[in-house]
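Residue numbers (the numbering used here), protein chains in the order written: chain H, 14 to 238; chain P, 2 to 249; chain C, 2 to 212; chain W, -17 to 36.
Report on the structure given below.
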Amino acid sequence: MPILAAICRQHMHLSWRSGQTVLAVSFLFIAITLLPFGLGPELKLLRALAPGLLWVVLAISLLTSLERLFQADYEDGSLDRLLLVPLAFEAVVLAKLLGHYLALVLPLIASVPLAGLLLNIEAARLPALVAAMLCGSPALVLAGGIGAALAVSVRRGGLLTVLIAMPFYVPVLIFGAAAARVSLETGLETGVAIGPYLGILAALSAASLLLAPFAIAAALRSALR
Amino acid sequence: MLKALENISALYANPTRFMGLAAKLHMPLWALAIGLLAYGLYRVANVPADYQQGETVRIMFVHVPAAWMSLFGYSFIFFASVTALIFRHPLGHVAARAAAPVGAVFTLLALITGSLWGQPMWGTWWVWDARLTSVLVLLFIYLGYIALWQAIDEPIRAARAASILAIVGFINVPIVKFSVDWWNTLHQPASVSRLARPALHADFLYPLLIMGAAFLVLFLAITLTRMQMEVLRQRLRARAGKGGAAHV
Amino acid sequence: MAEIENLFSKVQHSRDAVCRAEGLACVRGAMPVFEGVSFAVSSGQALCVRGANGSGKSSLLRQLAGLLPLAAGVLTPPELARNAHYLGHADGLKAALTIAETLAYDAALAGHGDGSALGDVAMRLGLAGRDWQFVADLSAGQKRRLTLARLVIDPRPLWLLDEPMTALDDAGCALVGTLAKAHLQSGGMIIAASHEALDFADAELLLGSEA
Amino acid sequence: MYDIYIYASYGVTAVLLGGLIIVSFRQLSRARAHVAALNQAASLNQDDKKKEGA
C-alpha cells in the first residue's frame, strides 16, 4: 500500500507544482464566463441552462487535463519504472488516476458552486449538482484515462484523447445534467427525486472502475513494447 | 537471421493464403452486391406510396439499411479485433481497419438520409430523436477508432491500441443507446417518433429486406477490397524496411 | 569511496542465484533484431553486452526487464524482472521535484518509507548538500548520478544497466565502477549494455550481424 | 412535392458509397502497382547478381 500511496502522492504533488490544478480551475471559469457573452445576459435563460452548462464545462475541463496524465511519464521513462513496481500494474494505474482525481477533479468540483453563481443558478440546486458530479466524475476520469493511455505514444495526442473519450462521456452527462435539473422541480428536501440518478451515475462510475484499469494497463503496456 | 524471418513470414503466411482466396472471391462478391442492389432498387421503385407519409417513405429503404450497416460495421470491427487479440490472427486487425471507414460512411449516410426523411415532417434538418442521436454518437466512435489508427505510426502497436479501443467502445454502444433512449423520453412526451415504423406491410417489408441484404453484401465487398489493399500496404512497409529484397 | 563499500555490507544476495537465457530472439515491429542469444550470469558476476548501434542491446535489456516480450527463447528465473533494477536511457526523473523529494520517492517505491539514510546516500553519490535543488537545474551527469540512488536505496540482486557511463565524468564513471564492484561483492549480478569496456565486467556478449 | 428529398437521399447514397468504392479501388490498384514495381526492381538486381556471378 505505501508504494501506491507514494505514486498517488507524487502525481498529486507534480500536478500541484506544475500548476495543472490552477490551470484546470481557471479553464472552468473562463468557459463559464464566456457562455453569457454567447447566450446573452438574461438571468432567466442562464438559470435554466446552468446545470447542463456546468456539467458540459466540467467534462471538457477534465478532458483537457487528461492529455498529460501518462504522456509525461511515458516520455521521461518513469512509466518503465511504474511497470517494474512489484505490484499489479492495474493497481499502479489506479493509484495514478486517484492522484489525478484528488489533485484536479476535486478542485474543479469544488469550484462549480462558485461558477454556478455566475450563471445565476439557484443555490438550492447546488448540493444536488455537486452530489451528481461527485458520483459521475470517476467515470469521466476513468474513460478519459483510456483515451489518454491509447494516445500516449502520439505526439500531440490531446485531441485524440478527447475524441476517443467523448462517446464514454455521453451517458454520464445525460444522467448528471438530469439529476441537477430534476432536483429543483421537486425540491431537494424530498431528496428522493435525484436518488435514482445518483444511483445510475455511481453505477457508471463503478462499472468503469472495474473495466477501465485493465484497458488502460493493456494500452500502456502495448505502448511500451 | 533465417529463423526470425521464418516466424515473421508465418505471421504473414495466412495473409498470403487470404490474398489468393480474396482474389477468387472478389469479383463474384461484387457481382452479387450490384445484382442485389439493382433488384432492390427495382423493387423500391414500384412500391405503392405510403398512406401516411406519402412518397417520402421511400427514403426509409436507404436510411434503415444504412443504420443497420453502421451497427453491423462496429460489431464486425469488434469481432475482428477480438479474434486478432485472442487467436493472434493478424488478419483480424486488417479486417477491422478495412471495415472502419466503410462503417463510418454508412453511419454518415444513415444520419444524412435520416435528416432528409425527417425534414418534411418536422420542418427542421436535425431533430434530437433517440435513434438519430445514438447514430451520431456512433459516428464519433468510428472517427475515434479511425483517428487512432492514423495517429500511431508503428503498425503493430497501432493494431493493438485499435483493438483495445474497439473492444472497450463496443461495450459502450448499448450504454449510449440506453441512456440516449431514456434521455429522449425524458424530454419528448412519449409521442411515437415518426421514424418508428408501425408493423410494416408486406410490400414494404420485402423491399426493405432486399435493400438490407444488398447493403450487407456491399459492405462486405468494399471491406474485402480494402482488406487486400491493407495487406499489400503492410507488405510494402515491411519490405521497404528490409530493403525490398524478398519477393511477394 | 571506502564508505560506499560498507553501504552494501549489510546487504547479502543469495550466492547461488543465476540468471540464464537460452535462444533469446527479439522482433521490433516487423523487423527481426537478434536471435539465438544465450548467456548465464551467476551471483557475483557481471556481463557486458557490446554491439553496434541498432544491434539490439537496449532491446535485450528491455526483454530481461519484462518490458518487451520474447520473440523466442527461455529466461530462468522467468520472473527475473521482479527483483531487478532497470536503468534505461531515459532517467525517469521528474524535473519539477527536488533531489530530496526524488530520493524520498525512490525510498517509498522501495517499500520502506524511512527517509533517514537518504542524506548520506546523496552525499555518497556526490550530490551532497543539494537536497533543495530541482532536478531541472541539474546537469546530465548529476541526473545520471541521481538515477544511481535507486540501486543503493533499494538493493535488488540483479542490475540491468543501459549505457551506465553516458554523460558521466571520470569521477562519475569511477563511482559507477565502485558501486558495481560493491554490488558484486555482496553477491549481486549485473548485465550492462555499453560501448566502452566495463572494468568490472567478467564476461562479454557480442550482439550484431555476425552473432 | 417531396420528391426533392427522395432524390436527394438516393443521390447522397450514390455519392457517398460511390466515392468510397472508387477511392478503395484506386488505393488497391496503386498498392498493387507499387508491389509490382518492387518485385520488378527486386528481380532486376537478382539478374544483375546472376550476371556478376556467371
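Ideal placement from N, C-alpha and C gives every residue a C-beta, glycine not left out.
26, 28, 30 and 31: these are the residues of the segment 10 to 31 of chain C whose beta carbon lies less than 8 Å from some beta carbon of chain P, given in chain order. Comparing C-alpha distances from residue 49(C) to each of 175(C), 16(C), 161(C) and 189(C) shows the shortest one belongs to 161(C).
Counted as a single uninterrupted DSSP element, the stretch harbouring residue 15(C) is not any alpha helix (DSSP H), since DSSP gives it neither H nor E. Between the segment 158 to 178 of chain C and the segment 78 to 95 of chain C there are three or more inter-stretch CB-CB distances shorter than 8 Å, so the stretches are counted as touching. A distance below 9 Å separates the beta carbons of residue 170(H) and residue 161(H). Among the residues of the segment 213 to 236 of chain P, those with a Cβ less than 9 Å away from any Cβ of chain C are 235, in the order of the chain. According to DSSP, residue 196(H) shares a beta bridge with no other residue.
Three or more beta-carbon pairs separated by less than 8 Å link the segment 176 to 196 of chain H to the segment 143 to 153 of chain H, which places the two stretches in contact. In this structure, the straight-line span from the alpha carbon of residue 38(P) to that of residue 58(P) is close to 18 Å. The beta-bridge partner set that DSSP reports for residue 85(C) consists of 159(C).
With at least 16 other beta carbons inside 10 angstroms of its own, residue 134(H) counts as buried. Apart from sequence neighbours up to five positions away, the residues of its chain that approach residue 20(H) with a beta-carbon distance below 8 Å are 95, 98, 105, 108, 109 and 112, ordered along the chain.
Within chain H, the C-beta atoms nearer than 7 Å to that of residue 161(P) come from 235, in chain order.
Per DSSP, the beta-bridge partners of residue 51(C) are 207(C). For residue 32(C), the three-state secondary structure derived from DSSP is strand. The beta carbons of residue 227(P) and residue 68(P) sit no closer together than 9 Å.
By the criterion of at least three beta-carbon pairs nearer than 8 Å, the segment 71 to 78 of chain C is in contact with the segment 19 to 36 of chain C. At a beta-carbon threshold of 7 Å, the residues of chain C lying near residue 90(H) are 89, 91, 92 and 93, ordered along the chain. As a beta-bridge residue in DSSP terms, residue 194(C) pairs with 50(C) and 163(C). Close CB contacts of residue 116(P) within its chain, under the 7 Å cut and outside five residues either way in sequence, are with 126 and 127 (chain order). A Cβ-Cβ distance of about 6 Å is found for the pair residue 45(C) and residue 188(C), placing them in contact under the 8 Å criterion. Buried is the label assigned to residue 41(P), since at least 16 other Cβ atoms lie within 10 Å of its Cβ.
For residue 99(C), there is no enclosing beta strand (DSSP E), as DSSP marks it with neither H nor E. Between residue 104(C) and residue 85(C), the C-beta spacing is not below 9 Å. When CB distances to chain H are screened at a threshold of 9 Å, not a single residue of the segment 119 to 132 of chain C falls below it. Residue 153(P) places its beta carbon less than 9 Å from that of residue 166(H).
Under the 10 Å beta carbon count, residue 41(H) is surrounded by 16 or more other beta carbons and is classified as buried. Scanning chain H for C-beta atoms nearer than 8 Å to the C-beta of residue 177(P) yields 180, 183 and 184, reported in chain order. Of the residues 18(C), 35(C) and 127(C), the one whose Cα lies closest to the Cα of residue 180(C) is 127(C). Leaving aside the five residues that flank residue 64(P) on each side, the residues in its chain whose CB is nearer than 7 Å to its CB run, in chain order, 111, 114, 115 and 118. When DSSP states are grouped into helix, strand and coil, residue 55(P) belongs to the strand group. Counting other Cβ atoms within 10 Å of its Cβ, residue 144(H) reaches 16 or more and is therefore classed as buried. Any Cβ of chain P closer than 9 Å to the Cβ of residue -1(W) would place that residue at the interface, and such an atom is present. By DSSP's assignment, residue 25(W) forms no beta bridge with any residue.
Only those residues of the segment 58 to 69 of chain P whose C-beta falls short of 8 Å from the nearest C-beta of chain W are listed: 59, 60, 63, 64 and 67. In the structure shown, the three-state DSSP call for residue 42(H) is helix.
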